[in-house]
Ligand code: ADP
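In UniProt numbering, the protein residues as written are 1 to 265.
Encoded structure:
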């Protein structure tokens, strides 16, 4: 699991969309856990990286998936030359080091895995290590940040109300057009006019009523399109490859999207 020490380096590029930086800072200083809600590809991970940098904390990121076990998070005994030794998992390391622990897409994690988060997310700030028979108090600077997409079925609804009430939620949407243009331009290296056209296309796709499409025309996808264009494709070739293709396998939808690409790019 990656630990990023982003303190010494330059700040990860993140453009604030509303007051999310102030809310994160205030929650961090009060030792509260943070819930980032929003569709995939809208900047949540980048935001946490920028915040970890500003607050001078190491960042430990865990991408959650449905095979993730409590031991993957907390740690397990390993056999080493005939001896067993305990190896901390990423959550335990973060608790000991006072790092920011970011559980990305926590919805994907199994419910029994998230149980371990309760005493950490509430006022106790404790991590029980049952295998070792100890309970760790989180070091100062530890902060639990979880992200999830409210569009999906959520295990977070199983978090106790008392725990949820002690979490601070920050809602993310796609940035406004002018901000998204700036981001696409900077991250992909294409010109302003091209970035503006891509953002107009993305916004039009997000307005479509067809289920499931909004997610895919994310800022991340627009940046990928811009990168292909920077690498020599025309903008519409790039959009067919990075937007229309991944967006749908339904030939009718794909052909509709290709028509939109022709209109907008
Ligand atoms: P998420 O974690 O929500 O799935 P990411 O943080 O990975 O999304 O965002 C995808 C990409 O979009 C990032 O790599 C970054 O280039 C860009 N991005 C999105 N929002 C912003 C923003 N507000 N400022 C800077 N970059 C952004």
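Each residue gets a CB set at the ideal place from its N, CA and C atoms; glycine is no exception. None of these values were measured; they are calculated from a predicted model.
Nearest neighbour of residue i, chosen from the options [CA to CA]
i           : options               : result
residue 106 : 259, 79 and 64        : 64
residue 200 : 111, 177 and 215      : 177
residue 91  : 23, 203, 261 and 59   : 59
residue 198 : 209, 215 and 221      : 221
residue 235 : 143, 195, 132 and 101 : 195
residue 86  : 15, 93, 76 and 94     : 76
residue 226 : 79, 188, 181 and 51   : 188
residue 18  : 47, 34 and 12         : 47
Simplified DSSP assignment, three categories, for residue i
i           : result
residue 99  : coil
residue 84  : strand
residue 203 : helix
residue 164 : helix
residue 140 : coil
residue 148 : strand
residue 24  : helix
residue 76  : strand
residue 129 : strand
residue 198 : helix
residue 188 : helix
The ligand ADP heavy atom lying under 7 Å from the CB of residue i
i           : result
residue 183 : yes
residue 13  : yes
residue 223 : yes
residue 17  : yes
residue 37  : no
residue 189 : no
Cβ neighbour criterion (16 or more within 10 Å) applied to residue i
i           : result
residue 39  : buried
residue 192 : exposed
residue 22  : exposed
residue 122 : buried
residue 207 : exposed
residue 13  : exposed
residue 10  : exposed
residue 114 : buried
residue 53  : buried
Segments assigned beta strand (DSSP E), at least 3 residues, entirely inside the segment 26–56: Runs of the beta strand (DSSP E) inside the segment 26–56: 33–37.
Runs of beta strand (DSSP E) wholly within the segment 215–261 (minimum 3 residues, chain order): Counting whole runs of 3 or more residues, the segment 215–261 contains no beta strand (DSSP E) stretch at all.
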